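> Right, I'll just put the structure down here and ask away after.
Protein chains: 2
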Amino acid sequence: MNELDIVEKLQRRAGPGKGITLGIGDDCAIYRPRANEELLFTADQSMEGIHFLPTLPPATIGHNALARSLSDIAAMGGEPRFCLVSLAVPGGRGTKFIDGFYRGLLGLARRTGTALAGGDLAHGDKIYCDVMVCGSAPRGKALRRSGARPGDLLCVSGRLGKPWGGRIQPRLELGRALRGRATSCIDLSDGLALDLHRLGVASGVAAMVDRVPRARGASLDRALHGGEDYELLFTLPSRSSLPAGTTLIGNITEGRAGAVMFQGKPLPARGYDHFAGG
Amino acid sequence: MNELDIVEKLQRRAGPGKGITLGIGDDCAIYRPRANEELLFTADQSMEGIHFLPTLPPATIGHNALARSLSDIAAMGGEPRFCLVSLAVPGGRGTKFIDGFYRGLLGLARRTGTALAGGDLAHGDKIYCDVMVCGSAPRGKALRRSGARPGDLLCVSGRLGKPWGGRIQPRLELGRALRGRATSCIDLSDGLALDLHRLGVASGVAAMVDRVPRARGASLDRALHGGEDYELLFTLPSRSSLPAGTTLIGNITEGRAGAVMFQGKPLPARGYDHFAGG
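Protein chains in written order, with the numbering used here: chain A, 1 to 278; chain B, 1001 to 1278.
As structure tokens, this is what we get:
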């Protein structure tokens, strides 16, 4: 099987996408924007041995590679439009891995309305992929990290500290529901402590956290500093009602931008940082 | 230096981009499309040991990583708008490599009007990067692989079989000049023989090649089957005049889609295919 065969197979499996006037198979894909839409762009890498173990089923690797980028679209309140998938695979794992990978990825793509518009295939020493997703939001309505104000409620979806290796479920519905309600939003990819610090820095505010909804069996340290939860952390104006499935964990306060207090003590901005100490 | 420091430094160096209403530093970048524009998307991977040797200067690696994707935008007659850059770097090569890489990449980005809008940074075993570029063309005007017709002139820019390791110069000006003139276009990333085969398949036509403009010292085999030339291969209606710096190398003919005759003999569709034999 050569690159042309794989590309032809993907063309058949990918199907058409709304707004995609030219899909897989030319030098570029073409997207025709709609009136009054703003486009959101994000890219996330997934590497064997770093983001997943080589024993993870290929379909889960594909699912999660797309889910990581969709989680960023969710954090901005966007609707996914299409993705570009770059994949490098060792020769020995060729066709079988590629089939499983795209089965998992395209399953999630279909359920979330994300068209596969293109990408790149290559041989590599290890499995490596990078997924770019384009999402859409009405002009000026995308959620940002920078809108939190002192007095806002601090909330999180789901439970934190989940074990790695499961299928990531991007919170796309919640993200869209927060559009026009939340004052700021970020997805938890590197742990609550570090991502809340980032939100505080972007908004120029501090935060107080009283409690954290923990996943079954998760230690407090893991719930605060573990990565890969892919839940949404967001702020609401005081006296707002909380969306279903979310928990009030604290408040936004005045203070040094990015500073976080947890149950009365400073919480260090430690989490899953690929470049810490590097 | 941690990821936050690197991202902050890139924010300062990247500068604003036309239409980018939110750049590096949030979950997604935001692009506001203009009226009547169609957006072109492409992604290309560059891996140590496969696309470049580890001894290549970091600035050249960064330049070429962007240039590969810009060449796809050129082949569609587009104008670059912005890029997302995903980069994995071994811990030991950290800051110095990253600085050089982005110096090379941002230099080419500035000269071509490409904003750096976001991406992803991670540690990896080897240097790996994936560059997504978004380009723009007036609605319905992008060049495709599929428009070649029997009788068309077959042309190529520059000279083929150049040695690897130099700085790739994407043919953006030529691509734009071909808009409304060329009937089809593709960039030569995997060699004339294979890429002409692809153009023929997409257009449902065959081709005859009489001659090939060779780079100094290049063998005929390298000029026909070597990759990484990043010149444009395009077709013009018969009796068209050729743009400066381009050479007439043959004609489009009726026949089996993708078949190529070179100086009277069949030319195999052999080139630089990452998945051949895999």
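No residue lacks a Cβ here, since even glycine has one placed at the ideal position from N, Cα and C.
Just so it is clear, the structure is predicted and the values come from calculations on it, not from any experiment.
1) Alpha carbon to alpha carbon, how far is Gly-1245/B from Arg-103/A? Give it in angstroms, no decimals.
2) Given Ser-157/A, which residues of its chain have a CB within under 7 Å of its CB, disregarding the five upstream and five downstream residues?
3) DSSP state of Gly-1278/B, grouped into three classes?
4) Pull the bridge partners of Val-1131/B from the DSSP assignment, please.
5) Is any beta-carbon of chain A found at less than 8 Å from that of Leu-1224/B?
6) Give me the chain B residues within the contact set of Ile-186/A, using Cβ-Cβ distance strictly less than 9 Å, ordered along the chain.
7) Examine chain B for any beta-carbon lying closer than 8 Å to the beta-carbon of Phe-41/A, and answer yes or no.
8) Listing by chain order, which chain A residues have their CB less than 8 Å from the CB of Ala-1142/B?
9) Please report the straight-line C-alpha distance between Ala-74/A and Arg-111/A, rounded to a whole angstrom.
10) Closer than 8 Å, CB to CB, is Gln-45/A near chain B or not?
11) Return no unless some Cβ of chain A is closer than 8 Å to the Cβ of Asp-1120/B.
12) CA-CA distance, Ile-20/A and Phe-234/A?
13) When you compare the CB positions of Leu-188/A and Asp-229/A, do they come within less than 8 Å of one another, or not?
14) Can you give me the C-alpha to C-alpha distance between Ser-86/A and Val-260/A, rounded to a whole angstrom?
15) Name the chain B residues that come within less than 9 Å of Gly-100/A, Cβ to Cβ?
16) Where Glu-1254/B and Ala-1193/B are concerned, what is the direct C-alpha to C-alpha distance, given to the nearest angstrom?
17) Can you list, in chain order, the residues of its chain whose CB lies under 6 Å from that of Met-208/A, leaving out five sequence neighbours each side?
18) Considering only the alpha carbon of each residue, which of Gly-1258/B, Ile-1098/B and Gly-1165/B lies closest to Asn-1064/B?
19) Applying the criterion that 16 or more other CB atoms from any shown protein chain within 10 Å of the CB defines a buried residue, is Asp-210/A buried or exposed?
20) Please go through the segment 205-252 of chain A and give each complete beta strand (DSSP E) segment of 3 or more residues, from N-terminal end onward.
21) Report all residues from its chain with a CB closer than 6 Å to the CB of Leu-1267/B; omit the five preceding and five following residues, and keep chain order.
22) What's the C-alpha gap between Gly-1277/B and Val-7/A?
23) Suppose you measure from the CA of Phe-1052/B to the CA of Pro-80/A; what does that come to, to the nearest Å?
24) Compare the beta carbon distance of Ala-1067/B and Tyr-1128/B with 8 Å and say whether it is the shorter of the two.
25) Taking 8 Å as the CB-CB limit, is Ser-1203/B close to chain A?
26) What separation, rounded to the nearest whole angstrom, lies between the Cα atoms of Leu-1039/B and Ile-30/A?
27) Is it true that the CB of Ile-1186/B sits closer than 8 Å to the CB of Gly-120/A?
28) Taking Cβ positions only, does Ile-50/A come closer than 8 Å to chain B?
29) Under the three-state reduction of DSSP, which class applies to Lys-1265/B: helix, strand or coil?
30) Roughly how many angstroms lie between the CA atoms of Ser-1238/B and Ala-1148/B, to the nearest whole one?
31) Against chain A, which members of the segment 1084-1112 of chain B pass a CB distance test of less than 7 Å?
32) Report the rounded CA-to-CA distance for Leu-236/A versus Arg-1144/B, giving the unit in angstroms.
33) Answer with yes or no whether the minimum CB distance from Ala-65/A to chain B is below 8 Å.
34) Verify the CB distance criterion: does Asp-1072/B have a CB-CB separation below 8 Å to chain A?
35) Examine chain B for any beta-carbon lying closer than 8 Å to the beta-carbon of Pro-150/A, and answer yes or no.
36) Please state if the CB of Ala-218/A and the CB of Lys-265/A are separated by a distance shorter than 8 Å.
Taking the structure as given:
1) 45 Å
2) Its chain contains Arg-171, Leu-174, Glu-231, Leu-232, Gly-245 and Thr-246 as the residues whose beta carbon lies nearer than 7 Å to that of Ser-157/A, once the 5 sequence neighbours on both sides are disregarded; these appear in chain order.
3) Unreliable placement is indicated for Gly-1278/B, whose pLDDT of 30 sits below 50; the coordinate value is still reported in the next sentence. Note: Gly-1278/B maps to coil in three-state DSSP.
4) Asp-1044/B and Val-1085/B
5) no
6) Asp-1026 and Asp-1027
7) yes
8) Leu-22, Cys-28 and Ile-30
9) 14 Å
10) yes
11) Closer than 8 Å to some Cβ of chain A, the Cβ of Asp-1120/B qualifies, so yes.
12) Rounded to the nearest whole angstrom, the CA to CA distance from Ile-20/A to Phe-234/A is 32 Å.
13) yes
14) 37 Å
15) Simply none; closest approach about 16 Å.
16) If you take the alpha carbons of Glu-1254/B and Ala-1193/B, they lie about 18 Å apart.
17) Excluding residues up to 5 positions away in sequence, Gly-250, Asn-251, Thr-253 and Met-261 lie with their Cβ nearer than 6 Å to the Cβ of Met-208/A in the same chain.
18) Closest option to Asn-1064/B, Cα to Cα, is Gly-1165/B.
19) exposed
20) 206-209 and 232-236
21) Ala-1193 and Val-1260
22) Confidence at Gly-1277/B is low in this model, with a pLDDT of 39, below 50, so its placement is unreliable and no value can be given for it.
23) 34 Å
24) no
25) Any Cβ of chain A closer than 8 Å to the Cβ of Ser-1203/B would place that residue at the interface, and such an atom is absent.
26) 6 Å
27) One detail in the question is off: residue 120/A reads as Asp in this sequence, not Gly. Not in contact: Asp-120/A and Ile-1186/B (Cβ atoms no closer than 8 Å).
28) When Cβ-Cβ separations below 8 Å define contact, Ile-50/A makes contact with chain B.
29) strand
30) 11 Å
31) Within the segment 1084-1112 of chain B, the qualifying residues are Leu-1084, Ser-1086, Ala-1088, Gly-1091 and Gly-1094.
32) 47 Å
33) No, no contact with chain B.
34) Yes, its Cβ sits closer than 8 Å to a Cβ of chain A.
35) no
36) no
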